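Q: Chains as they are written, first to last, in numbering that gives the first Met the number 0: chain A, 0 to 252; chain B, 0 to 252.
Beta carbons are placed, not taken as given, at the ideal position from N, Cα and C, and that holds for glycine.
These numbers come from a predicted model, not from an experiment.
Protein chains: 2
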Amino acid sequence: MSGARGRLFVVGLGPGERGYLTEDARTALETAQDLIGYAPYLARLPEREGQTRIGSDNRVELERAREALRRTAEGRRVALVSGGDPGVFAMAAAVFEAIETGDPAWRGLEVEVLPGVSAMFAAAARLGAPLGGDFCAISLSDNLKPWETIATRLECAARADFVIALYNPASRARPGRILDAFAILRRTLPQATLVVFAKSIGRAEEEIVIGELASADLSLVDMATLVIIGAKGTRLIEREGARPFVYTPRGVP
Amino acid sequence: MSGARGRLFVVGLGPGERGYLTEDARTALETAQDLIGYAPYLARLPEREGQTRIGSDNRVELERAREALRRTAEGRRVALVSGGDPGVFAMAAAVFEAIETGDPAWRGLEVEVLPGVSAMFAAAARLGAPLGGDFCAISLSDNLKPWETIATRLECAARADFVIALYNPASRARPGRILDAFAILRRTLPQATLVVFAKSIGRAEEEIVIGELASADLSLVDMATLVIIGAKGTRLIEREGARPFVYTPRGVP
């Protein structure tokens, strides 16, 4: 370990290339000695002299977190880059898993998570205010939890009349999990429940599809889609020549 | 209506005075002709020559939204300022309620919601990664929805094993609603469930209290507190001479 005191920033970029970066996040990215992250996220950041970049594949989150912690323990100032908000289905949990199970000295490191705009909030902002009432966020990825847990959570969320944000609705290995999720929701929720597919939010190819639970075309859902299922109160405000606003009133009658 | 095309930005500042502001939000605040918002939020922004400021009380959200829409309809460039993320128990839903129920011409206005860092994500970042699994957000305010709805949502959230973020846990009119909420959660969840009171997040007087469901001292909860209730997997990483990290592993066994 060197004499310098290392510091690890876990930095949320927000989704896509839009101006979602916070001031704290920008400062951390500018002053870091090492930038570590999923290669396409690093590619969004300007090159800086003297800054080391360690890009990696998307599926090695825990290994990436360990690399960041090793460098921090060596006294370096490290920014571990995450899409969206690092605390929402992103890098922060992997960092603390790595600390819990790794070198006990890592518990003494300075680690600061810098929050960002999650895909869910960016998508909501583009639509209007679909999360205006109570809401929940569920990752459909069953790499790390059994499908039964996900199914129970979907059922409870429907019964609670939450607006539901679904992350990771499809993957290369399991393109069809959104079908299983909708089968559960279609059994429980009104068929006219509003459904939104928010694709590639914040990117040039951004696309928003608004439909209803019963008839929504699930073949449109891919890995870059965030799915929002409305609550009973969620509704459209129609507009001439423009996409309708989607919003959920703050109260329920 | 003037010849100029008005534009309304609904801008999230993030919580407190920290550097949570996004680049898009900063640009909107700098270029607006009118700044409208809860007076203490406006006070956080630098004065600019030629910019009109209309500060108001916290309890008149719908009236504030209408004032912003009226000025936008007159062709002005308006920033309606919100704490945290405007889409999360804040100003965005009030704006769309005002549009739905107001002058039909308002549907034709350009309205852009600029997302921000919600109190929930800022608090999570200060703690570690407590929202690392699936989670929900519930406002305990019963001004606009019946308590029975809130009670059902709490029960469903507990059954779902969500991490739960509770907004508006107390108010001047109803200081005791957190007692009712905890009574429900204490009937349903393990008594050792981790509980966090995140007070005045992002402000100088920020304070974080970590406890357990059964014994948490609810007299500490005030209007500026965000309450986080852990899931079954949520746990502490103890550290020497520092506050423990709080995190929820991404998966469940």
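Taking 8 Å as the cut-off, does the stretch 47-62 of chain A touch the stretch 86-96 of chain A (at least 3 CB pairs, one atom from each stretch)?
A: yes
Q: Measuring only between beta-carbons, confirm whether MET0/B sits less than 8 Å from chain A.
A: One-based indexing of the second sequence puts residue 0/B at position 1. At MET0/B, the pLDDT of 45 sits below 50, so the modelled position is not reliable; the number obtained from the coordinates is stated separately. Output row for MET0/B: interface = no.
Q: Checking the sheet assignment: what are the DSSP bridge partners for VAL10/B?
A: Start at 1 with the first residue of the second sequence, and residue 10/B comes out as number 11. DSSP output for VAL10/B lists VAL80/B, LEU113/B as bridge partner(s).
Q: Just curious, the alpha helix (DSSP H) that ASP23/B is in, first and last residue?
A: In the second sequence, counting from the first residue as 1, residue 23/B sits at position 24. Note, ASP23/B: alpha helix (DSSP H), 22-30.
Q: Around the C-beta of ASN167/B, are 16 or more other C-beta atoms found within 10 angstroms, so that it is buried, or is it exposed?
A: The residue labelled residue 167/B in the question sits at position 168 within the second sequence. Burial state of ASN167/B is buried, judged by a 10 Å Cβ sphere holding 16 or more other Cβ atoms.
Q: Work out the CA separation of ALA72/A and THR51/A for me, nearest whole Å.
A: Taking the first sequence and counting its residues from 1, the one referred to as residue 51/A is at position 52. Taking the first sequence and counting its residues from 1, the one referred to as residue 72/A is at position 73. Roughly 16 Å separates the two Cα atoms.
Q: Between the stretch 194-208 of chain B and the stretch 153-161 of chain B, can you find at least three pairs of beta-carbon atoms closer than 8 Å?
A: no
Q: Do you know how far the Cα of ALA24/A is from the Cα of PRO85/A?
A: For the purposes of this step, residue 85/A is identified with residue 86 of the first sequence, where counting begins at 1. For the purposes of this step, residue 24/A is identified with residue 25 of the first sequence, where counting begins at 1. PRO85/A and ALA24/A: Cα-Cα distance of roughly 11 Å.
Q: Just to check my reading of the structure: PHE244/B and GLY127/B have Cβ atoms closer than 8 Å, yes? What is that Cβ distance to the nearest angstrom?
A: The residue you call residue 244/B lines up with position 245 of the second sequence. The residue you call residue 127/B lines up with position 128 of the second sequence. Going by Cβ atoms, the distance from PHE244/B to GLY127/B rounds to 4 Å, so yes, they are a contact pair.
Q: On the CB-based measure, 16 or more other CB atoms within 10 Å of its CB, does PRO145/B come out buried or exposed?
A: By 1-based counting over the second sequence, the position of residue 145/B is 146. Classification of PRO145/B: exposed, given that the 10 Å Cβ count is below 16.
Q: For ALA124/A, does the three-state DSSP call read helix, strand or coil?
A: Start at 1 with the first residue of the first sequence, and residue 124/A comes out as number 125. DSSP places ALA124/A in helix when its eight states are reduced to three.
Q: Are three or more beta carbon pairs between the stretch 101-120 of chain B and the stretch 118-126 of chain A nearer than 8 Å?
A: yes
Q: Does any C-beta atom of chain B lie closer than 8 Å to the C-beta of GLY5/A?
A: Here residue 5/A corresponds to residue number 6 of the first sequence, with the count starting at 1. No, its Cβ sits nowhere closer than 8 Å to a Cβ of chain B.
Q: Quick one: using the 10 Å Cβ neighbour count with 16 as the cut-off for buried, is ALA31/A buried or exposed?
A: Here residue 31/A refers to the residue found at position 32 when the first sequence is read from its first residue. ALA31/A is buried by the Cβ-count criterion.
Q: Alpha carbon to alpha carbon, how far is LEU323/B from GLU211/B?
A: An answer regarding residue 323/B cannot be provided, because it is not within the stretch 0 to 252 covered by chain B.
Q: Please go through the same chain and pick out, in chain order, the residues whose beta-carbon is closer than 6 Å to the beta-carbon of ARG6/B, but skip the five residues on each side of it.
A: By 1-based counting over the second sequence, the position of residue 6/B is 7. The answer, listed in chain order, is ARG76, GLU109.
Q: Please list, in chain order, all residues of the same chain as THR192/A whose beta carbon is under 6 Å from its beta carbon, the five residues on each side excluded.
A: Counted from its first residue, the first sequence places residue 192/A at position 193. Here the set comprises LEU212, GLY229.
Q: For LEU219/A, which residues from the same chain have a beta carbon less than 7 Å from its beta carbon, with the 5 sequence-adjacent residues on both sides left out?
A: In the first sequence, residue 219/A corresponds to position 220, counting from 1. Excluding residues within five positions, the ones whose Cβ falls inside 7 Å are PHE196, VAL208.
Q: Taking contact to mean at least 3 C-beta pairs separated by less than 8 Å, is the stretch 160-174 of chain B in contact with the stretch 221-239 of chain B?
A: yes
Q: So if DSSP puts ARG238/B in a beta bridge, which residue, or which two residues, is it bridged to?
A: As a position in the second sequence, residue 238/B is number 239, starting the count at 1. Per DSSP, none; premise fails for ARG238/B.
Q: For ASP8/A versus ALA136/B, is the C-beta distance shorter than 8 Å?
A: Position 9 of the first sequence, counted from the start, is the residue given in the question as residue 8/A. Position 137 of the second sequence, counted from the start, is the residue given in the question as residue 136/B. Sequence inspection shows Phe at residue 8/A; the Asp mentioned does not correspond to that position. For PHE8/A and ALA136/B, no; Cβs fall outside 8 Å.
Q: Name the DSSP beta bridge partners of ILE209/B, please?
A: Counted from its first residue, the second sequence places residue 209/B at position 210. Partner(s): VAL195/B.
Q: Please report the straight-line C-alpha distance between ASN57/B and GLY36/B, rounded to a whole angstrom.
A: Counted from its first residue, the second sequence places residue 57/B at position 58. Counted from its first residue, the second sequence places residue 36/B at position 37. Those two C-alpha atoms are separated by around 8 Å.
Q: On the CB-based measure, 16 or more other CB atoms within 10 Å of its CB, does SER214/A come out buried or exposed?
A: The count along the first sequence starts at 1 and reaches residue 214/A at position 215. Label assigned to SER214/A: exposed.
Q: Let me know if GLY132/A comes out buried or exposed under the rule of 16 or more other beta-carbons within 10 Å of its beta-carbon.
A: The sequence position of residue 132/A within the first sequence is 133, counting from 1. Looking at its Cβ environment, which holds 16 or more other Cβ atoms inside 10 Å, GLY132/A is buried.
Q: Sorted by chain position, which residues of the same chain lie with C-beta nearer than 7 Å to LEU41/A's C-beta, five sequence neighbours on each side aside?
A: Looking up residue 41/A in the first sequence gives position 42. Shown here for LEU41/A: same chain residues with a beta carbon closer than 7 Å to its own, the five before and five after excluded, namely LEU34, ARG52, GLY54, VAL80 in chain order.
Q: Using only CA atoms, which one of ARG249/A, ILE200/A, ARG171/A, ILE149/A lies nearest to ALA182/A?
A: Reading the first sequence from its first residue, position 183 is the one you call residue 182/A. Of the listed residues, the one whose Cα sits closest to ALA182/A is ILE149/A.
Q: Could you tell me which chain A residues have their CB closer than 9 Å to the CB of TYR40/B, listed as they occur along the chain?
A: In the second sequence, the residue the question calls residue 40/B occupies position 41. Within chain A, no residue comes near TYR40/B; the closest Cβ sits about 17 Å away, beyond 9 Å.
Q: Given that THR148/B touches chain A, what residues does it touch there, using C-beta distances under 7 Å?
A: In the second sequence, the residue the question calls residue 148/B occupies position 149. In chain order: VAL251.
Q: Check whether the Cβ of ARG106/B lies closer than 8 Å to any Cβ atom in chain A.
A: Mapped onto the second sequence, residue 106/B falls at position 107. At least one chain A Cβ lies under 8 Å of ARG106/B.
Q: Answer with yes or no whether the minimum CB distance from PRO189/B to chain A is below 8 Å.
A: Along the second sequence, read from residue 1 onward, the residue named residue 189/B stands at position 190. No - not a single Cβ of chain A is within 8 Å of the one on PRO189/B.
Q: Determine the extent of the alpha helix (DSSP H) in which PHE134/B is found, giving its start and end residues.
A: Along the second sequence, one-based indexing puts residue 134/B at 135. Careful: PHE134/B lies outside any alpha helix (DSSP H), inside the beta strand (DSSP E) at 134-138.
Q: Does the Cβ of PRO129/A have 16 or more other Cβ atoms within 10 Å, making it buried, or fewer, making it exposed?
A: Here residue 129/A refers to the residue found at position 130 when the first sequence is read from its first residue. That one is buried.
Q: Check the C-beta distance from ALA169/B over to ASP102/B and give it rounded, since I have them as a contact under 8 Å.
A: Walking along the second sequence from the start, residue 169/B turns up at place 170. Walking along the second sequence from the start, residue 102/B turns up at place 103. That pair is no contact at about 36 Å.
Q: Going by alpha carbons, who is nearest to VAL194/A out of GLY83/A, ASP141/A, ARG106/A, ILE227/A?
A: As a working mapping, residue 194/A is identified with position 195 in the first sequence. When each option's Cα is compared against that of VAL194/A, the closest is ILE227/A.
Q: From MET0/A to VAL10/A, what does the alpha carbon distance come to, in whole angstroms?
A: Here residue 0/A is taken as the residue at index 1 of the first sequence, counted from 1. Here residue 10/A is taken as the residue at index 11 of the first sequence, counted from 1. The pLDDT assigned to MET0/A is 45, lower than 50, so where the model puts this residue is not dependable, and the model offers no usable value.
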